[in-house]
Amino acid sequence: MTDTSLEAGGRATDPATLAVIPHLVGGREAREATRMGAVHNPATGRQTKHVPLATAEFVHEAVRVAEAAQPGWRRTGLAKRAKVLFELHRILRERGDELARIITAEHGKTVPDAAGEIARGLENVEFCAGLLHHLKGEYSEQVATGVDVHQVKQPLGVVACITPFNFPAMVPLWMVTTAIAAGNAVILKPSERDPSAAVWIAKAFAESGLPDGILNVVHGDKEAVDALLDDPVVRAASFVGSTPIAKYIYARAAANGKRVQALGGAKNHMVVMPDADLDAAADAAVSAAYGSAGERCMAVSVLVAVGDVADPLIAKITDRLGALHVGDGADPATEMGPLITQEARDRVAGFVEGAPAEGASVVVDGRQLRFDGDGFFIGPSLIDKVVPGMRVYDEEIFGPVLSIARVASYDEAVSLINSNEYANGVAIFTRDGKTAREFEFDIEVGMVGVNVPIPVPIGAFSFGGWKNSLFGDTHIYGPESFNFYTRRKVVTSRWPEANESQISMGFPAN
Ligand code: NAD
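First residue of the sequence shown? That's 1 in the working numbering, and the numbers climb one at a time after it.
Pasting the structure below:
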């Protein structure tokens, strides 16, 4: 191991003394690895833990463990499966603050924000606890004389869930809970940057009564992911992360005959119409653009100012940014924390630095905010006069930068958004119902908010974008997810009398 680290007091420590976050396979912890990754506290910039990066062999062994455990889980009565989820729900409610602090220590987001992501993950636990209903089949009686047809939903077997750093609890809870409720065994490969939340969740599942081997956590990077995508026992892959990796996962898993849902990056627009309440729009823009330091796939990245709203809106947003408290997410006064890595911080700074040369104007420059220590901090930035063709518009920034695009009309706003390669979330702020209704009809984006800046659907719906924000046809969590993690079997049956049979060489007709 070549990592170097510092203790909280600033003294150099031997990296060998730092804790290793374990894999969890078949209910057992495993720490040995030929390669280790470093986990940092983004607020201090210091390494706090090691994470083992699984070899392909380790992954294949974990898949065998899951394969051996899954038939028993599939045979477990649905009411018993539901009980596990009710118990998990209780644990998450009672000890969610423990998980929130773990998230803050490795991701950097504020503790209330971490609690918010747990709450959104809990919504899916609640939905999945109704699995008796979601796994209900269909029955048609007497489709021909004495012939009945029924359809059941059966689990796939072993499935892989590969998750991003920015929601280390919510995205795993969205994926694995549904997969498990449907009777599958799971290999969860969380982000190697903040992997402790996944281990906490797997232990909470075990405490809730989930048998060993049904939820396995394997840490790693490309080697581990490729092994999952290539293992023939893995029947499906759920992925959330950046667009280039989502595309890659989709192609490789599909080439290996697996079901895939691969959710990618985003560039979310928020349209503000001239009739909107500008104070409400400014509050929404600041919350949605800078919350979690902009590291949300549903963060607002571009504010599309229609008509003459740009100048008053910029003034209101600038005022609000002046009062924003940026700091350690563990400090109750903090509203915006650091970025996940120094590299991510520098990448964001690069967008701000390059904007003027492309013709945009930097209204608020987050690089000017000064911070003590080595945390991965940058202040919020606001960039005006942004148009397509500029790097700051074309690329996903994934940081606390809000761009203003000025357009003359509603039609221009819609055409700008519909020309974008990403289509995760979008919002319109207006007081006019007709405009809102037209927008909902016209816009080519998977999730739409009307006076709601981050339109993440509640757990009874499903979540997913369009275009380069999702590869595959199934959204995650909610009803679509139950379809993804099950396959339909249709049974046609008849019970003839003993002397009724005869040879018939024609194709069966009704
Ligand atoms: P990422 O693509 O770097 O990593 C996601 C996962 O893929 C991680 O588990 C990582 O270990 C693995 N991975 C990384 N490189 C790989 C490779 N070359 N081969 C195989 N696996 C690889 O994403 P991230 O930085 O962790 O997360 C941020 C991104 O996720 C942003 O682009 C954000 O928009 C996106 N995101 C999208 C949604 C959505 O719902 N569409 C939700 C959350 C995050």
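We treat Cβ as the ideally placed atom computed from N, Cα and C, and that holds for glycine.
Residue i CB to nearest heavy atom of the ligand NAD below 8 Å
i: Arg-120; result: no
i: Tyr-248; result: yes
i: Ala-54; result: no
i: Arg-193; result: yes
i: Ile-245; result: yes
i: Pro-172; result: no
i: Cys-128; result: no
i: Ile-162; result: yes
i: Asp-221; result: yes
i: Glu-295; result: yes
i: Glu-421; result: no
i: Ser-196; result: no
i: Glu-396; result: yes
i: Ala-266; result: yes
i: Phe-463; result: yes
i: Gly-108; result: no
i: Phe-239; result: yes
i: Leu-263; result: yes
i: Asp-230; result: no
i: Phe-225; result: Looking at the sequence provided, one finds Val at residue 225 rather than Phe. True, at least one ligand heavy atom lies under 8 Å from that Cβ.
i: Pro-190; result: yes
i: Asn-483; result: no
i: Ser-292; result: no
i: Leu-470; result: yes
i: Asn-41; result: no
i: Phe-376; result: no
i: Asn-166; result: yes
i: Asn-424; result: yes
i: Ala-242; result: Reading the sequence as shown, one finds Ser at residue 242 and not Ala. Checking every heavy atom of the ligand NAD against the Cβ of Ser-242, one is found closer than 8 Å.
Own chain partners of residue i with C-beta closer than 7 Å, once the 5 adjacent residues on each side are dropped
i: Val-111; result: Ala-100, Arg-101, Thr-104, Gly-329 and Ala-330
i: Asp-365; result: Val-352 and Ser-381
i: Gly-472; result: Tyr-250, Val-260, Gln-261 and Ala-262
i: Arg-81; result: Leu-131 and Ala-181
i: Lys-316; result: Leu-278, Asp-279 and Ala-282
i: Pro-496; result: Gly-146
i: Gly-459; result: Glu-123, Asn-124, Glu-126, Phe-127, Tyr-477 and Gly-478
i: Arg-487; result: Gln-154 and Leu-156
Proximal residues to residue i (C-beta, below 8 Å), its chain only, five neighbours per side dropped
i: Val-491; result: Val-149, His-150, Gln-151 and Val-152
i: Glu-67; result: Gly-157, Val-158, Ala-185 and Val-233
i: Ala-79; result: Leu-132
i: Glu-87; result: Glu-207, Ser-208 and Gly-209
i: Leu-313; result: Val-272, Leu-278, Ala-281, Ala-282, Ala-285, Leu-303, Ala-305 and Ile-404
i: Leu-416; result: His-269, Val-304, Pro-388, Ala-405 and Val-407
Residues of its chain near residue i, where Cβ-Cβ distance is below 6 Å and the 5 sequence neighbours each way are ignored
i: Ile-549; result: Only positions 1 to 510 of the chain appear in this structure, which leaves residue 549 out of reach.
i: Asn-418; result: Glu-444
i: Arg-437; result: none
i: Lys-109; result: Ser-292, Gly-329 and Gly-337
i: Glu-500; result: none
i: Val-20; result: Arg-31 and His-50
i: Met-447; result: Gly-425 and Pro-455
i: Leu-135; result: Lys-153
i: Arg-11; result: Low confidence applies to Arg-11: its pLDDT is 41, below 50, so where it sits in the model is not reliable enough to give any reading.
i: Ala-114; result: Ala-100, Ile-103 and Thr-104
i: His-325; result: Ala-333, Thr-334 and Glu-335
i: Ala-276; result: Phe-429 and Thr-430
Integer-rounded CB distance, given that residue j should sit under 8 Å from residue i
i: Gly-45; j: Asp-374; result: 3 Å
i: Thr-177; j: Asn-124; result: 5 Å
i: Phe-58; j: His-107; result: That belief does not hold up - the Cβ atoms of Phe-58 and His-107 are roughly 25 Å apart, past 8 Å.
i: Val-39; j: Arg-193; result: 7 Å
i: Gly-137; j: Pro-155; result: The pair is not a contact, with the Cβ atoms about 13 Å apart (cut-off 8 Å).
i: Val-25; j: Asn-216; result: 5 Å
i: Ala-355; j: Ile-397; result: Going by Cβ atoms, the distance from Ala-355 to Ile-397 rounds to 11 Å, so no, they are not a contact pair.
i: Met-170; j: Arg-120; result: 5 Å
i: Ala-33; j: Val-218; result: Actually they are not in contact, since the Cβ atoms of Ala-33 and Val-218 sit about 11 Å apart, beyond 8 Å.
i: Ser-462; j: Ala-423; result: Wrong, their Cβ atoms sit about 15 Å apart, outside the cutoff.
i: Lys-247; j: Val-225; result: Incorrect: roughly 13 Å between the Cβ atoms, too far for contact.
Interface flag, residue i vs chain E, CB-CB below 9 Å
i: Arg-95; result: No chain E is part of this structure, which consists of one protein chain only.
Between the segment 261 to 271 and the segment 302 to 310, can you find at least three pairs of beta-carbon atoms closer than 8 Å? yes
Would you say the segment 416 to 432 touches the segment 447 to 457, given that touching needs at least three Cβ pairs under 8 Å? yes
Would you check if there are 3 or more beta carbon pairs closer than 8 Å linking the segment 477 to 492 to the segment 117 to 132? yes
Count Cβ pairs between the segment 39 to 55 and the segment 83 to 92 that sit closer than 8 Å; are there 3 or more? no
Taking contact to mean at least 3 C-beta pairs separated by less than 8 Å, is the segment 332 to 342 in contact with the segment 37 to 44? yes
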